[in-house]
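Visitor: FYI, my numbering numbers position 24 of the sequence shown as 24, with every residue one higher than the one before it.
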Amino acid sequence: MRLSRRDHTFGLAVEHAFTDKTKGYLSFRVDHETNPQLEGNSLGMANWDIFHLTTGATFRRKRSELAVGFTYSFGKQQENFMQLANFADIRDDNLLGETGITSADYNAFSVIVGYTYFFDRK
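The following block contains the structure:
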């Protein structure tokens, strides 16, 4: 198997300590399509190149730490994307409608929340 440039996924991240109890984070990562020869789409696979931007912070207390952050993910618009369903003109005998070819975008927004409690070490 020959690997091409598109077979690689990479990421960069920066952590900055604002105080001894507060840290900030910023990261960027890329998920390239896994199968460039994939034709059409299925429920679990598509040939998207997805880019992720993440920012967040952690706040430390005596025995706990709270982390909050946000991720915005996006992908290039794809042409000739096969619809899974078309709800514009559904009927009793065809609940998914007449599917066809369309264009599609990928955009996602995620909220990250984490809490850590540190138990005593005896």
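Glycine residues also receive a C-beta, built at the ideal position from the N, C-alpha and C atoms.
1) If you drop the 5 nearest sequence neighbours on each side, which residues of the same chain put their C-beta closer than 8 Å to that of LEU3?
2) Go to GLU15, then tell me how far its beta strand (DSSP E) extends in each direction, as first and last residue.
3) Taking 7 Å as the limit between beta carbons, can you name the residues of its chain near ALA17, skipping five residues before and five after?
4) Which whole-angstrom value describes the C-beta separation of GLN77 and ASP105, a residue pair presumed to lie in contact below a C-beta threshold of 8 Å?
5) Which same chain residues end up closer than 6 Å to ALA67 when comparing Cβ atoms and leaving out the 5 residues on each side of it in sequence?
6) Out of ASP89, PHE109, SER110, state which residue places its alpha-carbon closest to the alpha-carbon of GLY100.
Guide: On the basis of the coordinates in this document:
1) Confidence at LEU3 is low in this model, with a pLDDT of 44, below 50, so the placement of that residue should be treated as unreliable; the coordinate-derived value is given next. Within the same chain, LEU3 has no close Cβ partners at all.
2) 10–17
3) LYS23
4) 5 Å
5) THR58, GLY114
6) ASP89
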